[in-house]
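Step one of this worksheet: look at the structure below.
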Amino acid sequence: MRFHTQTGGATLTAQQPLNNVVRVAVQSMAAVMGGTQSLHTNGYDEALGLPTQEAARIALRTQQIIGYESGITDTPDPLAGSYYVESLTDEVERLAWEYIERIDAMGGAVNGIEAGFQMDEIDEAAYSYTKSIDDNTRTIVGVNKFTSDEATDMPVLKIDAERERSQVARLTEFKAKRDAAAVAARLEDLRAAARGSDNVLYPMKAALQANATLGEVSDALRDVFGVHRPG
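So the sequence shown is residues -8 to 222, counted in this note's numbering.
Dropping the structure here:
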């Protein structure tokens, strides 16, 4: 089985944000030792906004240090034979199957979504996590323990207004120069595939090759599927 891992953006804190470098590194090591084939490391400042260039670079260097300096990648399964890890694996598998069986009993994932089951479970987990921090049963360093009154002087990424205007102008020019009829036809092909049972990947690729934008492709799919609104 192939799988991708992303470090937990929800675990990053606005307080003492440099602590997030350590959090991301620990989570990344766990992912690699678990056998992930693909990894996304979050920037340490993502609790404050979009990552700065420095934060993105450190996120990349985290992967590179694990890959080239740690030695973890020298063996396919460095945790093989660990009784504790195997017991955790069994527990995760058991709980996952319990969820699958509950959803199957509802008639499948779509019925569960329509009933709000998945969203309710996510909301409940988020509430329990936040409550455990508020009542100090869960320690978050720099938030409810080992705190500091010192102000955090952390640069935050700001999008230059002129750059935004320049990009809008480029997009307008791009749309003006393309074959509008071909774009419209390919987007309609995509809608037709979405309405039926065809694979939408190929008409999506054709639309992009005709110079449709990502936003237009997304809008075409939304025309058919709509937008999910919980509850």
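Ideal placement from N, C-alpha and C gives every residue a C-beta, glycine not left out.
Every value quoted in this text rests on a predicted model; they were computed, and no experiment measured them.
Beta bridge counterpart(s) of residue i as assigned by DSSP
i: S29; result: H(-5)
From the options, residue whose alpha carbon lies closest to that of residue i
i: A1; options: I150, P67 and I131; result: I131
i: E77; options: G99, D125 and M24; result: M24
i: P67; options: T32, Q28 and F108; result: Q28
i: F108; options: Y118, R93 and A117; result: R93
i: G34; options: D81, V134, S157 and V147; result: V147
i: P8; options: A46, M(-8) and A22; result: A46
i: R186; options: V208, F216 and T163; result: F216
i: I57; options: G40, Y74 and H31; result: H31
i: T138; options: T(-2), A5 and E112; result: A5
Simplified DSSP assignment, three categories, for residue i
i: K136; result: strand
i: M145; result: coil
i: T121; result: helix
i: G0; result: helix
i: R213; result: helix
i: Q6; result: coil
i: D60; result: Sequence check: residue 60 is Glu here, not Asp. Three-state result, E60: coil.
i: L205; result: helix
i: G11; result: According to the sequence shown, residue 11 is Asn rather than Gly. Helix at N11.
Where residue i falls, given that 16 or more other Cβ within 10 Å makes a residue buried
i: E153; result: exposed
i: Q18; result: buried
i: T43; result: buried
i: M195; result: buried
i: N127; result: exposed
i: N11; result: buried
i: E37; result: buried
i: G103; result: buried
Task: Length-filtered (3 minimum) beta strand (DSSP E) runs lying within the region 67 to 133 - done: none
TODO: Could you name each continuous beta strand (DSSP E) segment of 3 residues or more that falls completely within the region 145 to 187, going from the start of the chain to the end?
DONE: none
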